[in-house]
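Position 77 of the sequence shown, counted from 1, bears residue number 162 in my numbering, the numbering being contiguous throughout.
A virtual CB, placed ideally from N, CA and C, is assigned to each residue, including glycine.
Read the structure below first, then the notes.
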Amino acid sequence: MRVLAMLDGTLADPDRPHLRVDDLGALRGDGVFETVLVVDGKPRELGPHLDRLARSAAMLDLPAPDRAAWERVTQVVIDAWNQPGEMALKLVYTRGPEYGDGTPTGYALGLPLAAKALQERVAGVAAVTLERGFDPEVVPRAPWLLLGAKTLSYAVNMAALRHAATRGADEVIFVAADETVLEGPTSTVVAVNGATLRTPPPSSGILPGTTQAALFRAAERAGWSTKVEPITRADLANADALFLASSVRKITRVRELDGVPLPDATTRQAELNALYESEYS
Ligand SMILES: Cc1ncc(COP(=O)(O)O)c(C=O)c1O
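Here you go:
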């Protein structure tokens, strides 16, 4: 099942074409997006997702997204989905047709969760570290690199995942030129040592994760300590447990890194998932 609604709130047939061939989202990946997890009709972290959509749009000099319209279209898709369980809701906002009147394109698309993500939530993932090709110092100097914006230009991220697959891995942890840890192609890295959760800071040119933020909120309430600070590649190997967090995968454990099995973190994963879920119960 799939449900599509255009930003004006009208439902549309997801099996029919709706984008113009000169849409700059398609021609140049010139746009931004969000993926929101909806559970039993309730969108998780919608506010933070819409905040991030607005921040990404500002970084691309797109017109500020109409928040009320995005909230409305989210509800239109949820109402039409009309099924229990989980849905991945994509919010897509592009610069619009190249030869148009300058109006951006916006739509919301509800999709079933990918089987791979569901399976990895249980089984965990094997990950490899890969160079992302920039030094963290470049981040404040080069805003045109759009580091930390959730743009539609995910071709590099997808290529990294295909490269990982050629090495027998499911996932990637990007590292910067100075060996600091960045993020996954579609996830935030969380390292656990004792009762401390750590994640790299957005200032290193990565996307601030809404799932990681929800987990850290719950963890702090439960008495864990949380740190948003640089992590090195060596820290990854010394962590008690490593996780990749994102809206659709929730908190998925890394069971193998660069071909080396990590200590069994099944119990830790259950603990972190219970913390994360406590935000929504
Ligand atoms: C590059 C990147 N980092 C982190 C995340 C995790 O963000 P969130 O937890 O808000 O889904 C995503 C989500 O897709 C992502 O694409």
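Which residues in the same chain have their Cβ closer than 6 angstroms to the Cβ of E119, if we skip the five residues on either side of it in sequence? Numbered from its first residue, the sequence shown carries residue 119 at position 34. Same-chain partners within the cutoff: H134, L138, L176.
Just to check, is the beta-carbon of S272 closer than 7 angstroms to a non-hydrogen atom of ligand 3? Among the ligands in the structure shown, ligand 3 does not appear; only ligand 1 can be found there.
Going by DSSP, name the residue or residues bridged to R283. By one-based count along the sequence shown, residue 283 stands at place 198. Answer is A276, K312.
What is the DSSP secondary structure of L327, reduced to helix, strand or coil? Working through the sequence shown from its first residue, we reach residue 327 at position 242. In this structure, L327 counts as strand in the three-state DSSP scheme.
With a CB to CB cut of under 7 angstroms and the five nearest residues on each side skipped, what residues in its chain are close to A254? To locate residue 254, count along the sequence shown from 1; it is residue 169. The answer, listed in chain order, is A211, A212, V213.
The beta strand (DSSP E) that contains T120, what's its start and end? Numbered from 1 along the sequence shown, position 35 holds the residue referred to as residue 120. Counting along the chain, the beta strand (DSSP E) containing T120 begins and ends at 116–124.
Pull up the DSSP beta-bridge partners for A97, would you. Taking the first residue of the sequence shown as 1, we reach residue 97 at position 12. For A97, which the question treats as bridged, DSSP gives the partners L89.
Comparing alpha-carbon positions, which option in D263, R334, R338 lies nearest T295? As a first step, residue 295 must be located in the sequence shown, where it is residue number 210. Selected option, being the one with the closest Cα: R334.
Rounded Cβ spacing between L329 and L347 (contact assumed at less than 8 angstroms): Taking the sequence shown and counting its residues from 1, one reaches residue 329 at position 244. Taking the sequence shown and counting its residues from 1, one reaches residue 347 at position 262. About 12 angstroms; that fails the 8 angstroms criterion.
Is S332 near ligand 1, going by C-beta to nearest heavy atom under 7 angstroms? The sequence position of residue 332 within the sequence shown is 247, counting from 1. Checking the Cβ of S332 against ligand 1 gives yes.
Which runs of the alpha helix (DSSP H), 4 residues or longer, sit entirely within the segment 163–227? 200–208, 223–226
What does DSSP give as the partner residues of G269 in its beta bridges? Position 184 of the sequence shown, counting from 1, holds the residue named residue 269. Its beta-bridge partners are S272.
If you reduce the DSSP assignment to three classes, tell me which class E305 lands in. Along the sequence shown, one-based indexing puts residue 305 at 220. The answer is helix: DSSP assigns E305 an H, G or I state.
Consult DSSP for L342 and reduce its assignment to one of helix, strand or coil. Counting from 1 along the sequence shown, the entry for residue 342 is found at position 257. Three-state DSSP puts L342 in a strand.
In terms of residue numbering, what span does the alpha helix (DSSP H) encompassing E362 cover? Translated into positions along the sequence shown, residue 362 becomes position 277. Its alpha helix (DSSP H) spans residues 351–363.
Going by C-alpha distance, which of G344, L300, S141 is nearest A250? As a first step, residue 250 is located in the sequence shown; it is residue number 165 there, counting from the start. Residue G344 is the option with its Cα nearest to A250.
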